[in-house]
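So the structure is just underneath, and the comments pick up after that.
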Amino acid sequence: MLTTTAIDRTAIVDWFRRNRQRSAALFDMIDPAAYYSRPISLRNPIVFYEGHLPSFSVLAFLRRGLGRPSVDARLEKLFERGIDPDSEAVAIPRSGASTIWPSRSEVLAFARACDDAMLEAIADFTLTPEAIEGLHTALEHEAMHQETLLYMWHRLPYEQKRRPAPGELHPTSDARVSRSVAEPPASVAIPAGKAVLGSSRSSVVFGWDNEFDEHEVLVPTFKIDAFAVTNAQYLEFLNAGGYASRPLWDNEGWEWVQAQHVQHPAFWLPADHGSPATDHGPRMTDASRWSWRGMFESLPLPADWPVYVSQAEAAAYARWKGRRLMTEAEWHRAAKGATAGHADFAGFDPIPVGSHPETASVHGVQDLIGNGWEWTSTVFGPFDGFAAMRSYPEYSADFFDGRHYVMKGASPATARELIRPSFRNWFRSNYPYVYAKFRTVGA
Ligand SMILES: [Fe+2]
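Just so we're aligned, residue 2 is where the sequence shown starts under the numbering used here, counting upward by one.
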């Protein structure tokens, strides 16, 4: 990291307050009756996260960064571990929630005490590299959780959440750009050349451990879809029997599809769900057979929105097309000159592909930073020079298991502070709840 001698404390305080206000707004979206539920079975119940965010900030900045004591050692222990169990089989036993989790008022009082201690420390801490790292770890950690909270909220029944008032998350309005379905994706040729991955420790104030060191990768020429694959295009794969075609899936993907009876993206719902059937009901192959599971309502399947799918589904579609997913290095090549589009809480759902042509890369590839993360075929691993960070040593290292794949770019729920070329996100190939799109690549 830079041997920084000065940071803008006012800007840091603004970021901290913005983070805390947004987190509060996110938890306020939830019906109190759902507070102890687990919208995604492998994740902790909602109550955990409201305590985890302030608790982790204390751990990373005050304790590990500054060597100061706990605010509340008992609650910090309870709220420390946010890592997903690997499978249902080893999931934390579902307690009766109220038996081990505190009341919401106790969680909020704890959070206020943590926030006060954080603000006090930000105002006057001594600028050491450890302290600066711990502070940024705390801030970026909270912003990342805000996105994964929204993945969870997306799974909640509509009656258990409410749309925040305008400005509460400071999103722009949900853009419903009305235009025809995108043209079939043009394939853009990207010339052979060097991609620069990662960051240099001497050039940035903060980066996560997995972003170092900076290095170049020579990437051969390739052709990439100018637009992400849309719901309409993915429907063709589904109707062609893609979910039942063994050769399109790798072993782990096939195991998942079979075991979980996966037959459609997790963001799609059968359109007749909850409505009476009609004599001349929609044929199975029609788009009208499906609805989009929006954050606050279900919608007729938007043909020109990017399809949000797991990496396994994305890879199966690409194989069906005789193509493949891009590598992490190819993303860097294709995204040269791209800027952020539908991101930073601009909305709760995607918008049509190609809605922000002004953000396209110099090659004309659209939406590489925004409107959904981009799946890659790259297994998440350390760059040469990787060293686990003091403020959060398990952040990346726990996931170097060969079973997580890199995502690049940003989604509508990715805070602007996290949007930078070297930022890497990752998930298991069979995790279907992320705001992640994809496109195909070939020769
Ligand atoms: Fe966490």
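All C-beta atoms, glycine included, are put in the ideal place defined by N, C-alpha and C. Here the structure is a predicted model, which means the values were calculated and not measured.
- The stretch 350 to 366 makes no contact with the stretch 398 to 405, as fewer than three CB pairs between them are under 8 Å.
- Burial state of Arg334 is buried, judged by a 10 Å Cβ sphere holding 16 or more other Cβ atoms.
- For Gln234, the closest of Ser24, Lys438, Tyr50 and Arg10 by C-alpha to C-alpha distance is Lys438.
- 8 Å or more divides the Cβ of Thr328 from the Cβ of Thr360.
- The beta carbon of Gly208 lies closer than 7 Å to those of Ser200 and Ser423 in the same chain, with the five residues before and after it left out.
- For Phe17, the Cβ stays outside the 7 Å cut-off from all heavy atoms of ligand 1.
- Relative to Trp291, the option among Gln264, Arg69, Ala315 and Ala316 whose CA is nearest is Gln264.
- Between the alpha carbons of Pro158 and Leu136 lies a distance of about 36 Å.
- Excluding residues up to 5 positions away in sequence, Trp250, Asp251, Glu253, Gly254, Trp257, Val258, Ser430 and Asn431 lie with their Cβ nearer than 8 Å to the Cβ of Ala313 in the same chain.
- Comparing C-alpha distances from Leu27 to each of Glu148, Pro70, Leu67 and Ala114 shows the shortest one belongs to Glu148.
- Inter-residue distance for Ile101 and Arg325 is about 46 Å (C-alpha atoms, whole angstroms).
- In this structure, Glu143 lies away from Ser289, with their beta-carbon atoms at least 8 Å apart.
- Between Asp345 and Arg247 a beta carbon distance of about 41 Å is seen, past the 8 Å cut, so the two are scored as non-contacting.
- The alpha-carbon of Asn45 is positioned some 6 Å away from that of Arg39.
- Taking Met390 as the centre and dropping the five residues before and after it, the same chain places the C-beta of Asp210 closer than 6 Å to its C-beta, in chain order.
- In terms of CA proximity to Tyr318, Asn240 leads the group His53, Ala339 and Asn240.
- With 16 or more neighbouring CB atoms inside 10 Å of its own CB, Val442 falls in the buried class.
- Judged by DSSP in its simplified three-state form, Val197 adopts strand.
- Residue state for Lys78 is assigned as helix, using DSSP reduced to three classes.
- Judged by DSSP secondary structure, Arg294 falls outside any alpha helix (DSSP H) and instead within the beta strand (DSSP E) spanning Trp291 to Arg294.
- Residue pairing for Lys438: DSSP places it in a beta bridge opposite Glu375.
- The C-alpha of Ser106 is placed about 45 Å away from the C-alpha of Trp332.
- Per DSSP, Asn426 lies in no alpha helix (DSSP H); the unbroken beta strand (DSSP E) holding it starts and ends at Asn426 to Arg429.
- Going by C-alpha positions, Ala196 is about 8 Å away from His216.
- Collapsing the DSSP output to three states places Arg325 in a strand.
- Where His216 is concerned, the enclosing beta strand (DSSP E) starts and stops at His216 to Val220.
- The Cβ atoms of Thr377 and Val308 do not sit closer than 8 Å to each other.
- Comparing C-alpha distances from Gly338 to each of Val354, Pro351 and Pro358 shows the shortest one belongs to Pro358.
- Between Ala444 and Phe228, the CB-CB gap reaches or exceeds 8 Å.
- Residue environment for Lys162: buried (at least 16 other C-beta atoms within 10 angstroms of its C-beta).
- Listed in chain order, the non-local C-beta contacts of Ala330 below 6 Å within the same chain comprise Ala196, Val218 and Val220, local neighbours out to five positions each way being set aside.
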